[in-house]
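**Student:** So for the sequence shown, this note's numbering puts the first residue at 101; every next one is plus one.
All C-beta atoms in this analysis are idealised placements derived from N, C-alpha and C, irrespective of residue type, glycine included.
Since the structure is predicted, the reported quantities are computational estimates derived from the model, not experimental observations.
Below you will find the structure I want to go over with you.
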Amino acid sequence: MTDRLLKNISIKINGVCKSIDIHPTDTLVQVLREKLGLIGTKVSCGQGECGACTVLLDGEAVNSCLVLAASVDGRQIITIEGLAHGARLDPIQQAFVDHDASQCGYCTPGMIMSAKGLLIKSNSPSSEEIQTALAGNICRCTGYKQIVGAVKAVSEKDTKNNPNNEKRSQKCI
Ligand code: FES
Ligand code: FES
C-alpha cells in the first residue's frame, strides 16, 4: 500500500544528486544515517546542544538533528564523507590527525564540519573566531586546545586555491 505521508525530495549530497522518499517528521540526520547510510554524521543529544550531527547545508554548518529533511529539498549538503578526495584527506581532516585533535572520535565529524564551515567563510580566522565557530561542538575527551590548534594551522596555510574549499554550488536540476 502506498504511504500517503511519504514526500519526495531531491538533494545534492556530497556532490551527487539523490531523490529520496521521506516522512514529513524525518530530521536531516535521520535521513543521512538511516536512508543514505552516511553514518559518519553522529547523533548524541538530538536537541541541538552538542554539535555531533553538524553538516554543511549550502555551505553553512548546521545541526542536522534540528533540520527537517523536508526543508532541504533542492539544497546541497556536505557530510564528513564528502570532504576527502579519494585517498587525499581534506586539509582540516589532516590537521586533526597531525595535531592529535581526536581521541574517541565521536565529536570529530561534527567538529570538522563546523571548522570547515568557518574556513569556507574565512581563510584566516582568528583564535576567537575559531572558538566561536566551535562553541556549539562539545568534546568530552580531547580538550579544545588541540582542536583549535588544528583549525588555526589550516587557516595559516594558503587555502584560497584549495579545491576542497569550494562550496559545490551547482544544484541538481
Ligand atoms: S545530536 Fe544534534 S546537536 Fe547534538
Ligand atoms: S574526541 Fe571524544 S568526544 Fe571529542
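1. Can you pull every residue whose C-beta falls closer than 6 Å to some heavy atom of ligand 1, listed in chain order?
2. Should C117 be listed as close to ligand 2, given that the test is whether its C-beta is under 6 Å from any heavy atom?
3. Just to confirm my understanding: we take K252, look at its own chain, exclude 5 residues before and 5 after, and list those with CB closer than 7 Å. What are they?
4. Quick check on the DSSP output: the beta strand (DSSP E) that includes V251 runs from which residue to which?
5. Who are I220's beta bridge partners in DSSP?
6. Name the residue from K135, K245 and H199 whose alpha carbon lies nearest to the alpha carbon of I111.
7. Check whether the region 185-205 touches the region 113-128, counting contact only when three or more Cβ pairs, one atom from each stretch, lie closer than 8 Å.
8. The beta strand (DSSP E) spanning D121 covers which residue range?
9. Check R104 in the structure and name its three-state DSSP category.
10. Helix, strand or coil, according to DSSP, for Q194 in the structure here?
11. Quick one: what's got a C-beta closer than 6 Å to I139's C-beta in the same chain, skipping five residues either side?
12. Just to check, is the beta-carbon of S202 closer than 6 Å to a non-hydrogen atom of ligand 2?
**Tutor:** The structure says:
1. V143, S144, C145, G146, G148, E149, C150, G151, A152, C153, N163 and C165
2. Indexing the sequence shown from 1 puts residue 117 at position 17. Incorrect: C117 has no Cβ contact closer than 6 Å to ligand 2.
3. In the sequence shown, the residue the question calls residue 252 occupies position 152. For K252, where only same-chain residues beyond five positions count, the Cβ hits under 7 Å are S227 and I230.
4. For the purposes of this step, residue 251 is taken as residue 151 along the sequence shown, with counting starting at 1. Note, V251: premise wrong, no beta strand (DSSP E); alpha helix (DSSP H) at Y244 to S255.
5. On the sequence shown, residue 220 is found 120 positions in, with the first residue counted as 1. DSSP, once it has assigned bridges, lists no residue as partnering I220.
6. Indexing the sequence shown from 1 puts residue 111 at position 11. The candidate whose alpha carbon is nearest that of I111 is K135.
7. When C-beta atoms of the region 185-205 are compared with those of the region 113-128, fewer than three pairs fall below 8 Å, so the two segments do not count as touching.
8. Locating residue 121 in the sequence shown gives position 21, where the first residue counts as 1. Segment V116 to I122, the beta strand (DSSP E) holding D121.
9. Here the question's residue 104 lines up with position 4 in the sequence shown. In the structure shown, R104 sits in coil (DSSP, three-state: anything other than H, G, I, E or B).
10. For the purposes of this step, residue 194 is taken as residue 94 along the sequence shown, with counting starting at 1. If DSSP states are grouped into helix, strand and coil, Q194 belongs with the helices.
11. The residue labelled residue 139 in the question sits at position 39 within the sequence shown. Once the five neighbours on either side are set aside, the close Cβ partners of I139 are R133.
12. Residue 202 sits at position 102 when you count from the first residue of the sequence shown. Checking the Cβ of S202 against ligand 2 gives yes.
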